[in-house]
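**Student:**
Numbering (this note's numbering), first residue to last: 1496 to 1791.
(1) Could you compute how far the alpha carbon of residue 1643 sits from the alpha carbon of residue 1770?
(2) As an exercise, report each continuous beta strand (DSSP E) stretch of at least 3 residues that is fully enclosed by the stretch 1554-1584, in chain order.
(3) Under the rule that 16 or more other beta-carbon atoms within 10 Å means buried, what is residue 1756, buried or exposed?
(4) Would you mind working out which of 1630, 1509 and 1532 sits nearest residue 1561, comparing C-alpha positions?
(5) Is the separation between the beta-carbon of residue 1590 and that of residue 1517 shorter than 8 Å?
(6) DSSP three-state call for residue 1528: helix, strand or coil?
(7) My parser needs the beta strand (DSSP E) runs of 3 or more residues fully inside the stretch 1598-1661; what are they?
(8) Do you know offhand how far residue 1742's Cα is from residue 1786's?
(9) Return helix, strand or coil for residue 1496, following the three-state DSSP convention.
(10) Does the beta-carbon of residue 1660 have 16 or more other beta-carbons within 10 angstroms, so that it is buried, or is it exposed?
(11) What's the C-alpha gap between residue 1582 and residue 1615?
(12) Roughly how many angstroms separate the alpha carbons of residue 1651 and residue 1665, rounded to a whole number?
(13) Rounded to the nearest angstrom, what separates residue 1588 and residue 1733 at their Cα positions?
(14) Classify residue 1604 as buried or exposed, calling it buried when 16 or more other Cβ atoms lie within 10 Å of its own Cβ.
(15) In whole angstroms, what separates the C-alpha of residue 1715 from that of residue 1527?
(16) Let me make sure I understand the geometry here. Which of 1711, 1613, 1568 and 1740 has the alpha-carbon closest to that of residue 1635?
(17) Which runs of the beta strand (DSSP E) fall wholly inside the stretch 1746-1778 and span at least 3 residues, in chain order?
Right under this line is the structure:
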């Protein structure tokens, strides 16, 4: 494949911590809803938990012989107590309430830092919850009206990498959507990688005139501002849309493999005019990774 359309530029990635979980349920639809609902709001940039769906499993691949979804929930920073509290919203409000769901720890590596689930999820049983040993795990059984919800007693907190990204510069709306779908499908084939924003329409920048609302638009790359900004606009001629794909991953190799898979998928579409990446002169992340180095 030719990479002539790929700019010689880099993205900035940084270290983060994550919980990797396995949601199971009796049907693919129930599992899919729980997985996407619980990871639907990418919030690390505003100091909250960020999630992504890594992939789906069939009944032969899960501890309880049911359909499964691998999901990741990410912490940007080191406030584990706040992270656990934020994570509990996702688990309680988006998974526990789905009929017949169950959640297991699905960590890929060993470690000694854990989040205990009893205080933040188990006590939804209002003191009537209990511990059972099933599926080779210690599970909290939470009695609910559609009996019963189960979650593993503790989840390992893992070290990973966040913020990998690339932009695919498009001439048409169809290219944004069609290439975007192919990109997400390709990345979901990469073990350990997630795309918390799916296809992201809103590239941001660290500097902002409104810090109280967090990151704001990267105005240099807004096609609708090209004429009014004049020479300072960085939107290339013929480019009408600049969607972004953001990647969090269990390790740098998985992140780079996901970036390559996504770019390869994007370049199959005629309406994709170029590939670039969001970076801020090395001010945002501690790892600067060049796109062309990944594609060699």
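Even glycine gets a Cβ: it sits at the ideal position worked out from N, Cα and C.
Computed from a predicted model, the values in this text were never measured in an experiment.
**Tutor:** In brief:
(1) Position 148 of the chain shown, counted from the first residue, corresponds to residue 1643. Position 275 of the chain shown, counted from the first residue, corresponds to residue 1770. Taking the straight line joining both Cα atoms gives about 48 Å.
(2) 1562-1570
(3) Position 261 of the chain shown, counted from the first residue, corresponds to residue 1756. Classification for residue 1756: buried.
(4) By 1-based counting over the chain shown, the position of residue 1561 is 66. Selected option, being the one with the closest Cα: 1630.
(5) The residue labelled residue 1590 in the question sits at position 95 within the chain shown. The residue labelled residue 1517 in the question sits at position 22 within the chain shown. No. Outside cutoff.
(6) To locate residue 1528, count along the chain shown from 1; it is residue 33. Here residue 1528 sits in helix by DSSP.
(7) 1609-1611, 1625-1629, 1632-1637, 1644-1647 and 1649-1651
(8) As a working mapping, residue 1742 is identified with position 247 in the chain shown. As a working mapping, residue 1786 is identified with position 291 in the chain shown. Distance between the alpha carbons of residue 1742 and residue 1786 is about 14 Å.
(9) To locate residue 1496, count along the chain shown from 1; it is residue 1. Residue 1496 falls in the coil class under three-state DSSP.
(10) Counting from 1 along the chain shown, the entry for residue 1660 is found at position 165. Residue 1660 comes out buried.
(11) Within the chain shown, residue 1582 is the residue found at index 87, counting from 1. Within the chain shown, residue 1615 is the residue found at index 120, counting from 1. The alpha-carbon atoms of residue 1582 and residue 1615 are separated by roughly 9 Å.
(12) Residue mapping note: residue 1651 aligns to position 156 of the chain shown, counting from 1. Residue mapping note: residue 1665 aligns to position 170 of the chain shown, counting from 1. Their Cα atoms are separated by approximately 40 Å.
(13) By one-based count along the chain shown, residue 1588 stands at place 93. By one-based count along the chain shown, residue 1733 stands at place 238. Using only the alpha carbons, I get a separation of about 44 Å.
(14) For the purposes of this step, residue 1604 is identified with residue 109 of the chain shown, where counting begins at 1. Exposed is the call here.
(15) As a first step, residue 1715 is located in the chain shown; it is residue number 220 there, counting from the start. As a first step, residue 1527 is located in the chain shown; it is residue number 32 there, counting from the start. Straight-line Cα distance between these residues: approximately 37 Å.
(16) Here residue 1635 is taken as the residue at index 140 of the chain shown, counted from 1. With distances taken between Cα atoms, residue 1635 lies closest to 1613.
(17) 1767-1771
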